[in-house]
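A.B. asks:
Chains as they are written, first to last, in this note's numbering: chain A, 1 to 684; chain B, 1 to 286.
1. Within 8 Å of any Cβ in chain A, is that where the Cβ of residue 171 of chain B sits?
2. Under a three-way DSSP split, which group does residue 664 of chain A fall into?
3. Between residue 456 of chain A and chain B, is the shortest Cβ-Cβ distance under 8 Å, so that the two count as touching?
4. Going by C-alpha distance, which of A:22, A:428, A:669 is nearest residue 247 of chain A?
5. At a cut of 8 Å, does the segment 302 to 311 of chain A reach the segment 220 to 233 of chain A through at least three beta carbon pairs?
6. According to DSSP, is residue 323 of chain A part of a helix, a strand, or is it coil?
7. Give, in chain order, every residue of the segment 155 to 186 of chain B whose Cβ lies closer than 7 Å to some Cβ of chain A.
8. So which residues of chain A does residue 204 of chain B contact, with C-beta pairs closer than 7 Å?
9. Where does residue 356 of chain A sit, in a helix, a strand or coil, going by DSSP?
10. Between the segment 30 to 41 of chain A and the segment 53 to 64 of chain A, can you find at least three pairs of beta-carbon atoms closer than 8 Å?
11. Looking at residue 301 of chain A: is its Cβ nearer than 8 Å to the Cβ of residue 317 of chain A?
12. Please decide whether residue 480 of chain A counts as near chain B, where near means a Cβ-Cβ distance under 8 Å.
13. Taking C-beta pairs closer than 7 Å, name the residues in chain B that residue 698 of chain A reaches, listed in chain order.
14. Which residues mark the beginning and the end of the beta strand (DSSP E) in which residue 37 of chain A is found?
15. Beta strand (DSSP E) containing residue 685 of chain A: first to last residue?
16. Could you check how far apart the C-beta atoms of residue 53 of chain A and residue 178 of chain A are, in whole angstroms? I think they sit under 8 Å.
17. Which of the residues in the segment 222 to 244 of chain B, read from start to end, lie with their CB under 7 Å from any CB of chain A?
18. Note the first and the last residue of the continuous beta strand (DSSP E) segment covering residue 594 of chain A.
19. Apart from the five residues on each side of it in sequence, which residues of its chain come closer than 6 Å, Cβ to Cβ, to residue 137 of chain A?
20. Nearest by alpha-carbon distance to residue 239 of chain A: which of A:469, A:55, A:503, A:551 is it?
21. Indicate whether at least one CB of chain A lies closer than 8 Å to the CB of residue 250 of chain B.
22. Give a yes or no on whether the C-beta atoms belonging to residue 178 of chain B and residue 554 of chain A are separated by under 8 Å.
23. Would you list, in chain order, the members of the segment 516 to 527 of chain A that have their beta-carbon closer than 9 Å to a beta-carbon of chain B?
24. On the premise that residue 664 of chain A lies in contact with residue 646 of chain A, defined as a C-beta separation below 8 Å, what is that separation, rounded to the nearest angstrom?
25. Taking DSSP's pairing of strands, which residues face residue 251 of chain A in a bridge?
26. Between residue 255 of chain A and the rest of its own chain, which residues show a CB-CB distance below 8 Å, the 5 nearest in sequence each way excluded?
27. Would DSSP call residue 707 of chain A helix, strand or coil?
28. May I have the straight-line CA-CA distance separating residue 111 of chain B from residue 197 of chain A, to the nearest angstrom?
29. What's the call for residue 143 of chain A, buried or exposed, on a 16-neighbour Cβ count within 10 Å?
30. Of the choices A:135, A:28, A:77, whose alpha-carbon is the least far from that of residue 101 of chain A?
31. What does a CB cutoff of less than 8 Å around residue 382 of chain A pick up in its chain, not counting 5 residues either side in sequence?
32. Identify, in the order they occur along the chain, each residue of the same chain with its Cβ nearer than 6 Å to the Cβ of residue 315 of chain A, setting aside the five sequence neighbours on each side.
33. Mind pulling the chain B residues with CB within less than 8 Å of residue 453 of chain A?
34. Cβ of residue 28 of chain A within 8 Å of Cβ of residue 76 of chain A?
35. Buried or exposed for residue 115 of chain A, please, with buried defined as at least 16 other CB atoms from any protein chain shown within 10 angstroms of its CB.
36. Using the Cα positions of residue 211 of chain A and residue 107 of chain A, report the straight-line distance between them to the nearest angstrom.
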């Protein structure tokens, strides 16, 4: 209790806090022993304050939030500590009493808006029930209020929307409905657990804006949980960094993000590529290893094994001690006055030499389109078509990395599957290494598969769970007769595992025995098994934690240099794309909006869509964030079934004019090496 | 930091093992016992199953006839053991043949999609239109009495559920990225379906097969009970229950074959539950 008392002392002058969590411990009492998910967390939250909790998966941040809401299912159990909220200890209330608090005084918004609304009930009914359940509103009053709230949350034509079912809304709209439900009883505290993780960056910016507004207008205190420092920095006045079930650092974003005092915060900060930073080198700063096993936290500092600054004293468990009035850190090094130096980044290598040799196009795509026929709504209805990719021109030169960005549904993944010919194109042409593969049969294309491989998004779905890693990697070798016999295949597989940094014993193991990052390494090894020169990576890091993302990016960059690979890199995270790509292609509703060199595109985006995408990506530095130019993007992408006439972006464009509705802008060269499809390039 | 944490008591590892593996092992034991008895029936049975001795009719269980005798003086124990031969083999044949046929058809249809899938699904709908036992009865009656004809009738009723299950399993699997990965490596559709998808879909199918064996034996006994199964005097459980149906005083004639059906069906059910836990790749690592 010493540290709690110290924190208390550090915060003198504060009024009675709204929420006071002390030494909270939530363990999962499993058959294999207790999993100490939350293990001694203490913090205060003042009324109307915004607090961010950040940490990688398994750090205990979500369990912490669920504990405050008392939404724990066995085997999870609060085994110690207290949660004082308005004079009551939530940890000790019985189920009946908790229900009176939950939803009424503390509300929660979850990550997945697809599953947190009941699919068989209309929105109105769910909102009204949330309000009448606590007896504060009559049904009629609740309905009026529901419509008002939806309007406040930016749901278009709220009057009509309230009578729809959840499936008729997009993810962003559902999250707005969840927020409306959350604040419907005017709670004193709103807990948002990764509320924007499942959303596109433009929609994320809208939801974060909404959260800020709710906090400012209604005075609702907010606890925002996220793995993304940028998101947290955007909304919160104070940040808790969690690692291995503990708070390791606490402070205001201005301090914590510019001068971290715990090596873990330092590592998080440097592992994520930033959209506002010049990419000196493509390698990111990563920390070694995996988070520790929550069944047996290590003795001493729990971060010690991965910490680049560790000293002998770290064998002793550090306390969370105040640094000054607003900051605290759990680190012997900084408590003793030590500084966390700027990471030494490798010097940028002279890449120009390689690219200067007259670049050969490896992939040439012309007017490529893919239309998916949809089932008819009725027997005699017109056949509907989803134009996933609609007339795309694209060249990929040998040795370069081309990034493909856009919101979900813009056709990035379809395009990836077209150029690798997993899908049959509807129109246009694809030339790969000089041969036309537009309509090649699978048998004709098989020899080319050796040169063209793919890395998939979901490391949990892309490896066959019934095959060992050895079988997964030898399959391609034997199919293409790259090696003779099992013994040679074995040697090659060992080489491949070494290449991606996995031990050779991995061969006998099954995919489910590996973590997400390790699985993605296996997936990369499989893609490299055939010795390709062109690799299509479909969101290869979006399912991974920040530090693991950095490790995978570093691996891909290393492999590119060693093996001379060409990448088509698909991502929705602009900072990552900017970091790893030479050229970037911006897609919107199946069409190319802008193509340009990464540095040029970010320095001077010519298309309004590119501009808004860049401005929507959060930067983990409040000072930079304040000076950045924000161009909010309104609304959501229209359906690709029925795209707008003329320029497809015009319905959301801040500078659209009448001409844009009539005339489709062609993709024309605008500046040096930059192509843009806009009637008014650079106007915004 | 000084708070003392008190953990609630947890079940001992031994108790957990018994809870987890107890019933499947019991089920497997029952089935194994029946299979052994059926295989070695001629050596372990004290009498000939069809030996009629009217003088000894309807004797209650005794030292000479452990389970008594039936209306024709045949030993009930012997006939129950011989009955296992018929019931187990018909059950196995129907479920394995029907399962294999249905699975391949369903899996292939789901993989190629299009009209083949439509045609197959309408065919299964056709079978599902009828209550299974009524349809089997109709077909069995049309084909004539006899174990083989009844098995054929049951096969017609049996394959669609496997086709349906296999189709839904393959549809789930084929949208997984590992299938796309295999395609992008250059594997052909045959390899992907048989070597990659089916191993992932096989778990629920094995569970269904095991649970269904009991069901098939029950349906076959039902058909025999109605007089559509085996040709008398072949010993068969359903037929034996039918023979003892009206002999209320001589309870042993119908009860013991009934118990035989009960134990076999339970045995397969316990085993099926065990398989389900065991074949789940996620459960195995725990």
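For every residue, glycine included, the Cβ atom is placed at its ideal position computed from N, Cα and C.
C.D. replies: From the atom records:
1. Translated into positions along the second chain, residue 171 of chain B becomes position 171. It does not; no Cβ of chain A falls within 8 Å.
2. For the purposes of this step, residue 664 of chain A is taken as residue 664 along the first chain, with counting starting at 1. Coil at residue 664 of chain A, not helix or strand.
3. In the first chain, residue 456 of chain A corresponds to position 456, counting from 1. With 8 Å as the cut-off, residue 456 of chain A counts as an interface residue toward chain B.
4. Taking the first residue of the first chain as 1, we reach residue 247 of chain A at position 247. Checked all of A:22, A:428, A:669; the closest Cα to residue 247 of chain A is A:22.
5. Judged by Cβ distances under 8 Å, the segment 302 to 311 of chain A makes no contact with the segment 220 to 233 of chain A, as fewer than three pairs qualify.
6. Within the first chain, the letter at position 323 stands for residue 323 of chain A. Residue 323 of chain A: coil per DSSP, three-state reduction.
7. 176, 177, 178, 180, 181, 183, 184, 185, 186
8. Here the question's residue 204 of chain B lines up with position 204 in the second chain. Those within 7 Å of residue 204 of chain B in chain A number zero; the least Cβ separation is about 13 Å.
9. Stepping through the first chain from its first residue, residue 356 of chain A is reached at position 356. Note on residue 356 of chain A: pLDDT 49, under 50, position unreliable in the model; the coordinate value appears next. The answer is helix: DSSP assigns residue 356 of chain A an H, G or I state.
10. Counting Cβ pairs under 8 Å, three or more are found: they touch.
11. Here residue 301 of chain A corresponds to residue number 301 of the first chain, with the count starting at 1. Here residue 317 of chain A corresponds to residue number 317 of the first chain, with the count starting at 1. Yes, the pair counts as a contact, with Cβ atoms nearer than the cut-off.
12. Numbered from its first residue, the first chain carries residue 480 of chain A at position 480. Yes, its Cβ sits closer than 8 Å to a Cβ of chain B.
13. With chain A running from 1 to 684 in the structure shown, residue 698 of chain A is simply not present.
14. Residue numbering aside, residue 37 of chain A sits at position 37 when the first chain is read from its first letter. Run containing residue 37 of chain A: 33 to 45, per the beta strand (DSSP E) assignment.
15. For residue 685 of chain A there is no data in the structure shown, the boundaries of chain A being 1 and 684.
16. The residue labelled residue 53 of chain A in the question sits at position 53 within the first chain. The residue labelled residue 178 of chain A in the question sits at position 178 within the first chain. So it is not a contact: roughly 19 Å between Cβ atoms.
17. none
18. Within the first chain, numbered from 1, the residue matching residue 594 of chain A stands at position 594. It spans 591 to 597 - the beta strand (DSSP E) in which residue 594 of chain A sits, taken as one unbroken run.
19. In the first chain, residue 137 of chain A corresponds to position 137, counting from 1. A distance below 6 Å between beta-carbons, with the five flanking residues on each side excluded, links residue 137 of chain A to the following residues of its chain, in chain order: 131.
20. As a working note, residue 239 of chain A is residue 239 in the first chain. Nearest neighbour of residue 239 of chain A by Cα position, chosen from A:469, A:55, A:503, A:551, turns out to be A:55.
21. Along the second chain, one-based indexing puts residue 250 of chain B at 250. No, because no Cβ of chain A sits closer than 8 Å to the Cβ of residue 250 of chain B.
22. Here residue 178 of chain B refers to the residue found at position 178 when the second chain is read from its first residue. Here residue 554 of chain A refers to the residue found at position 554 when the first chain is read from its first residue. No, the pair does not count as a contact, with Cβ atoms beyond the cut-off.
23. 523, 526, 527
24. Locating residue 646 of chain A in the first chain gives position 646, counting from the first residue. Locating residue 664 of chain A in the first chain gives position 664, counting from the first residue. That belief holds up - the Cβ atoms of residue 646 of chain A and residue 664 of chain A are roughly 5 Å apart, short of 8 Å.
25. Counting from 1 along the first chain, the entry for residue 251 of chain A is found at position 251. Residue 251 of chain A is bridged to A:239.
26. For the purposes of this step, residue 255 of chain A is taken as residue 255 along the first chain, with counting starting at 1. Hits under 8 Å: 326, 327.
27. Summary: the structure shown does not reach residue 707 of chain A, with chain A confined to residues 1 through 684, and so no result is reported for it.
28. Within the second chain, residue 111 of chain B is the residue found at index 111, counting from 1. Within the first chain, residue 197 of chain A is the residue found at index 197, counting from 1. Cα to Cα, the separation comes out at about 33 Å.
29. As a first step, residue 143 of chain A must be located in the first chain, where it is residue number 143. Residue 143 of chain A comes out buried.
30. Sequence index remark: in the first chain, residue 101 of chain A carries index 101 (1-based). Checking every option, the nearest Cα to that of residue 101 of chain A belongs to A:135.
31. The residue you call residue 382 of chain A lines up with position 382 of the first chain. Excluding positions up to five away in sequence, the list reads 376.
32. Against the first chain, residue 315 of chain A aligns to sequence position 315. When the five nearest sequence neighbours on each side are left out, the beta carbons in the same chain lying within less than 6 Å of the beta carbon of residue 315 of chain A are those of 300, in order along the chain.
33. Taking the first chain and counting its residues from 1, the one referred to as residue 453 of chain A is at position 453. Residues of chain B passing the Cβ test: 184, 185.
34. Numbered from 1 along the first chain, position 28 holds the residue referred to as residue 28 of chain A. Numbered from 1 along the first chain, position 76 holds the residue referred to as residue 76 of chain A. Cβ distance < 8 Å, so residue 28 of chain A and residue 76 of chain A count as in contact.
35. If you number the first chain from 1, residue 115 of chain A lands on position 115. Exposed: under 16 other Cβ atoms inside 10 Å.
36. Taking the first residue of the first chain as position 1, residue 211 of chain A is located at position 211. Taking the first residue of the first chain as position 1, residue 107 of chain A is located at position 107. For residue 211 of chain A and residue 107 of chain A, the distance between alpha carbons rounds to 13 Å.
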